[in-house]
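Enquirer: For the sequence shown, the numbering used here gives the first residue as 2, with consecutive numbering after it.
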Amino acid sequence: MILVTSAFGRVGHAVTTELIKRGFRVRATDINPMTEELLEEGAAEVMTGDARDRDFMMKCMEGIEQVAYVPPVMVYDEDEMAILAMDCAMKAGVRQFVQLSVCHPGLSGLLQHTKKLIAEEHLKLMGFQNDWNFTILQPLHYTSNVPVRAIVETGIYENFKPLDRKLGYVDVRDVAEVTGIVLSSGEKHKFATYELCGSSYLSVNEIADMLRSLSGKRIETVWRDRDHMFDGAFHNFCNSANDSYARSAVLGIRDTYNDYGFAANKNVLEWLLGRPSRTMEDYIRDELEKS
2 MILVTSAFGR
12 VGHAVTTELI
22 KRGFRVRATD
32 INPMTEELLE
42 EGAAEVMTGD
52 ARDRDFMMKC
62 MEGIEQVAYV
72 PPVMVYDEDE
82 MAILAMDCAM
92 KAGVRQFVQL
102 SVCHPGLSGL
112 LQHTKKLIAE
122 EHLKLMGFQN
132 DWNFTILQPL
142 HYTSNVPVRA
152 IVETGIYENF
162 KPLDRKLGYV
172 DVRDVAEVTG
182 IVLSSGEKHK
192 FATYELCGSS
202 YLSVNEIADM
212 LRSLSGKRIE
222 TVWRDRDHMF
232 DGAFHNFCNS
242 ANDSYARSAV
252 LGIRDTYNDY
262 GFAANKNVLE
272 WLLGRPSRTM
282 EDYIRDELEK
292 S
């Protein structure tokens, strides 16, 4: 059986769905009680609880052979949570651990990246010491961060990202597929760290043009400067209205993207998939079909 953490979140749900499709027996865990709904989607078991609780995590690991560790979003102690999961997995005799981390974890201005770097270091050292089968996946900025249906409905594409600076993107379904490939391949990807970026390298204005063309709707782009970033659509983005760590982390993303941009290379993802990566256009078309 395989354990998927943060299974009810966007990334965790995609990973869970992919693994079920591949025939894995999935134990899904999340703090959200709505995780029970994953039983209807084919999860073999669901465990609801706090991943900070050592006793709970040890129970989650009972009878588990593989772990797909999906981190929580914008949580101040996510490094400690990841390390706890790794330690519990090792103690429980889990034979393979896949960590979903983040692209460019060494960029110090991005707080949540630094947290994942700490977790990566722990996994590597523990893995080397114990000859443990681990793999680290480092996805870039997700295409699903573009809320297509909301933009088309309102006609407004609001951003704290720069309107003209290009950014790289990856489709969460491609990341989930790579996770499934790694977990289906025995020790082929042991000790590997893979940077996962798709082929789309676009500015907000270019995405807006794509949205206009594919939807036939009028779309206005709105950029929020730093002083007014949490007005409007981003008032409670990642709980930043109430959480000082989340607020600082989101500001770090804003500053990095505006001052420098953010990108990576598509080759590794496409080598692993054995096909071209999904594009932003693919994602937008799929979202419009759901509308």
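C-beta: ideal position from N, C-alpha, C; glycine also.
Report all residues from its chain with a CB closer than 7 Å to the CB of Ala234; omit the five preceding and five following residues, and keep chain order.
Expert: Glu159
Enquirer: Three or more C-beta pairs closer than 8 Å, one from the region 198-212 and one from the region 41-51: is that the case here?
Expert: no
Enquirer: Per DSSP, what are the beta-bridge partners of Glu1 in this structure?
Expert: Missing from the structure shown is residue 1; the chain here goes from 2 to 292 and no further.
Enquirer: Taking the alpha carbon of Asp260 as the point to measure from, which residue in Thr36, Val103, Lys162 has its own alpha carbon closest?
Expert: Lys162
Enquirer: With a Cβ-Cβ cutoff of 8 Å, do Tyr202 and Val171 count as a contact?
Expert: no
Enquirer: In the DSSP assignment, what residue or residues form a beta bridge with Thr222?
Expert: Tyr158, per the DSSP bridge assignment.
Enquirer: So who's on the other strand from Thr194, going by DSSP bridges?
Expert: DSSP lists Ile137 as partners of Thr194.
Enquirer: Where are the alpha helix (DSSP H) runs, 4 residues long or more, that stay fully inside the region 213-278, in chain order?
Expert: DSSP assignment within the region 213-278 yields the following whole alpha helix (DSSP H) runs of 4 residues or more, N-terminal first: 245-260, 268-274.
Enquirer: Is the CB-CB distance between Ala93 and Met59 below 8 Å?
Expert: yes
Enquirer: Is it a yes or a no for the region 68-75 touching the region 98-113, going by three-plus beta-carbon pairs under 8 Å?
Expert: yes
Enquirer: Within a Cβ cutoff of 6 Å, which residues of the same chain sit near Val1, ignoring the five residues on either side of it in sequence?
Expert: With the chain covering only 2 through 292, there is no way to say anything about residue 1.
Enquirer: Taking Leu101 as part of the beta strand (DSSP E), name the residues at either end of that continuous run.
Expert: 97-101
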